[in-house]
Amino acid sequence: MELASVRLTDEAWMARALVLAHRGVALAHPNPMVGAVVLKNDRVVGEGFHTYEGRKHAEIIALGEARANARRATLYVNLEPCCHIGRTGPCTKAIIEAGVKRVVVAMRDPNPAVAGRGIRELRAAGIAVTVGVREDDARRLNEAFAKWIRMKLPFVTLKTALTLDGRIAARTGSTTWITSDASREEVQRMRHESDALLTGIGTVLTDDPRMTDRTKLPRRRPLLRAIVDSKLRIPLKSGIVKSAKSDVLIFTTQSADSSKARLLRKAGAEIVHVRPRGGHADLREVLREMGQREILSVILEAGSELNGAALAQGLVDKMVLFYAPQIMGAGGVPMAQLPSQWFERSPALSQLSFRRYGPDFAVQGYFHDVYRNH
0 MELASVRLTD
10 EAWMARALVL
20 AHRGVALAHP
30 NPMVGAVVLK
40 NDRVVGEGFH
50 TYEGRKHAEI
60 IALGEARANA
70 RRATLYVNLE
80 PCCHIGRTGP
90 CTKAIIEAGV
100 KRVVVAMRDP
110 NPAVAGRGIR
120 ELRAAGIAVT
130 VGVREDDARR
140 LNEAFAKWIR
150 MKLPFVTLKT
160 ALTLDGRIAA
170 RTGSTTWITS
180 DASREEVQRM
190 RHESDALLTG
200 IGTVLTDDPR
210 MTDRTKLPRR
220 RPLLRAIVDS
230 KLRIPLKSGI
240 VKSAKSDVLI
250 FTTQSADSSK
260 ARLLRKAGAE
270 IVHVRPRGGH
280 ADLREVLREM
290 GQREILSVIL
300 EAGSELNGAA
310 LAQGLVDKMV
320 LFYAPQIMGA
330 GGVPMAQLPS
340 QWFERSPALS
350 QLSFRRYGPD
360 FAVQGYFHDV
370 YRNH
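Numbering (numbering that gives the first Met the number 0), first residue to last: 0 to 373.
Shown next, in the form of structure tokens:
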């Protein structure tokens, strides 16, 4: 009974650390989101969360707030404290010097080069360390960082709105509003939590989207708006080009020095030449380029052609499908264009979850475990 009580207490305080960590959404990248709580005699004496511009790690902020009360206290943190010198000094050293008695960690550092070193250093100093409290929640919070730090590739989420029979538009080249305001509000939240949106030229020509974060919440970096446009067909008068402010990236197989490319650059877009693959821009090269730019997370908001290419090449980590409770019928555009034989080798989504948004419902699932190389 006593052990169960301790576990419950640890779960509750780690939940608080995770809430704090989430305050770093769009403010911590390219670093992970981390929150910390210092507890002494069942009383919070220090709290903190990390933002990139603030530099200080969550543990340092929490210990600074606790001051002398940190001695013989318990520190809760959702990610293993660092033990190396980066933009700041090692957190493990500060924890040891503060006299903390116990540290509760949700998850080890996902970077294989340093995972476990911070925990070992704390234990070597005589500090009791508990690992794995609310680990699943902690992993999901920093899943994009985990993939990027291990593979230098962004975490890719395919998001789309569709009818119950899997249609995303009434016909090719048409715009069809499918889901409710509640679903679209959730999409804006997703955009705010992401570093970039990625779409294809077909969507731009059909919908003329702005691809913006309309939450009006603070973010450290502008939402990158990326377009795969192999033939550089994007109109100079399109909404995304007219609103470009060094936040639009166009991937093309055409020369980056062409007259059209020069005009697009003058309008504020950046043009990146990528090699062709099957007559189209190589999506793997697109993602590698984004990873090199410290883009941790990408939402794929595209049409059936680009959706199909990304799925067929195994580039999608997570899918979020917003379903409207309606049937479109014959003539509708499918969610993804895929060869018929793809189904036989298609991987099944795991960790499925379901949520309601007004009259709609969303299905979320994962193709890859980003804590393992794939």
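Where is the CB? At the ideal position from N, CA and C, for every residue including glycine.
1. Measuring CB atoms only, is the stretch 215-232 touching the stretch 196-204, in the sense that at least three cross pairs come out at less than 8 Å?
2. I'd like to confirm something about residue 120: is its beta-carbon nearer than 7 Å to some heavy atom of the ligand FAD, or not?
3. DSSP puts residue 377 in a beta bridge; with which residues?
4. Whole-angstrom Cβ separation of residue 67 and residue 45, contact assumed at under 8 Å?
5. For residue 354 and residue 348, what's the separation of their Cα atoms in angstroms?
6. Measure the alpha-carbon distance for residue 309 versus residue 302 and round it to whole angstroms.
7. CB-CB under 6 Å to residue 143, same chain, minus the five flanking residues each way: which ones, in chain order?
8. With H, G and I counted as helix, E and B as strand and the rest as coil, what does DSSP make of residue 340?
9. Measuring CB to CB, does residue 134 end up less than 8 Å from residue 94?
10. Taking Cβ positions, are residue 315 and residue 288 nearer each other than 8 Å?
11. Going straight from the alpha carbon of residue 292 to that of residue 32, what length do you get?
12. Run through DSSP, which three-state label would residue 59 get?
13. Using a 10 Å radius around the Cβ and a threshold of 16 neighbouring Cβ atoms, would you call residue 342 buried or exposed?
14. Please list, in chain order, all residues of the same chain as residue 18 whose beta carbon is under 8 Å from its beta carbon, the five residues on each side excluded.
15. Let's see if you can read the secondary structure: which residues bound the alpha helix (DSSP H) around residue 289?
16. Would residue 321 and residue 365 qualify as a contact pair, given that the criterion is a beta-carbon distance under 8 Å?
17. Tell me which same chain residues have a C-beta within less than 6 Å of the C-beta of residue 290, skipping the five on either side of it?
18. Within the same chain, show all residues whose beta-carbon is closer than 6 Å to that of residue 250, passing over the 5 residues directly before and after it, in chain order.
19. In the DSSP assignment, the beta strand (DSSP E) including residue 323 goes from what residue to what residue?
20. Let me check understanding here. Comparing Cα to Cα, which of 254, 253, 266 and 233 lies closest to residue 244?
21. Identify, in the order they occur along the chain, each residue of the same chain with its Cβ nearer than 7 Å to the Cβ of residue 369, setting aside the five sequence neighbours on each side.
22. Exposed or buried, residue 331, counting other C-beta atoms within 10 Å across all chains shown (16 or more means buried)?
23. Figure out for me which residue from 171, 240 and 162 has the closest Cα to the Cα of residue 382.
Looking at the coordinates:
1. yes
2. No copy of the ligand FAD appears in this structure; indeed no ligand is present at all.
3. Outside the shown range of the chain, which is 0 to 373, sits residue 377, and nothing can be said about it.
4. Start at 1 with the first residue of the sequence shown, and residue 67 comes out as number 68. Start at 1 with the first residue of the sequence shown, and residue 45 comes out as number 46. 11 Å between Cβ atoms; not a contact.
5. Indexing the sequence shown from 1 puts residue 354 at position 355. Indexing the sequence shown from 1 puts residue 348 at position 349. Cα-Cα distance, rounded: 16 Å.
6. The residue labelled residue 309 in the question sits at position 310 within the sequence shown. The residue labelled residue 302 in the question sits at position 303 within the sequence shown. Rounded to the nearest angstrom, the two C-alpha atoms are 11 Å apart.
7. Reading the sequence shown from its first residue, position 144 is the one you call residue 143. When the five nearest sequence neighbours on each side are left out, the beta carbons in the same chain lying within less than 6 Å of the beta carbon of residue 143 are those of 154, 295 and 296, in order along the chain.
8. What you label residue 340 is simply residue 341 of the sequence shown in a count that begins at 1. The answer is coil: DSSP assigns residue 340 none of H, G, I, E or B.
9. Here residue 134 refers to the residue found at position 135 of the sequence shown. Here residue 94 refers to the residue found at position 95 of the sequence shown. No, the Cβ-Cβ distance between residue 134 and residue 94 is not below 8 Å.
10. As a working mapping, residue 315 is identified with position 316 in the sequence shown. As a working mapping, residue 288 is identified with position 289 in the sequence shown. Not in contact: residue 315 and residue 288 (Cβ atoms no closer than 8 Å).
11. Numbered from its first residue, the sequence shown carries residue 292 at position 293. Numbered from its first residue, the sequence shown carries residue 32 at position 33. Using only the alpha carbons, I get a separation of about 19 Å.
12. In the sequence shown, the residue the question calls residue 59 occupies position 60. Correct three-state label for residue 59: helix.
13. Position 343 of the sequence shown, counted from the first residue, corresponds to residue 342. Residue 342 comes out exposed.
14. Sequence index remark: in the sequence shown, residue 18 carries index 19 (1-based). 34.
15. Locating residue 289 in the sequence shown gives position 290, where the first residue counts as 1. It spans 282-291 - the alpha helix (DSSP H) in which residue 289 sits, taken as one unbroken run.
16. As a working note, residue 321 is residue 322 in the sequence shown. As a working note, residue 365 is residue 366 in the sequence shown. No. Outside cutoff.
17. One-based indexing of the sequence shown puts residue 290 at position 291. Closer than 6 Å at Cβ, skipping near neighbours: 151, 152 and 153.
18. Locating residue 250 in the sequence shown gives position 251, where the first residue counts as 1. Excluding sequence neighbours, residue 250 sits near 227, 271, 273, 280 and 285.
19. Counting from one through the sequence shown, the residue named residue 323 turns up at place 324. Looking at the DSSP string, the run of the beta strand (DSSP E) that includes residue 323 is 317-323.
20. Locating residue 244 in the sequence shown gives position 245, counting from the first residue. When each option's Cα is compared against that of residue 244, the closest is 266.
21. Counting from 1 along the sequence shown, the entry for residue 369 is found at position 370. Within the same chain, residue 369 has close Cβ partners 142, 145, 146, 154 and 316.
22. On the sequence shown, position 332 is the one that residue 331 refers to. Flag for residue 331 reads buried.
23. Beyond the ends of the chain as shown, which are 0 and 373, falls residue 382; an answer cannot be given.
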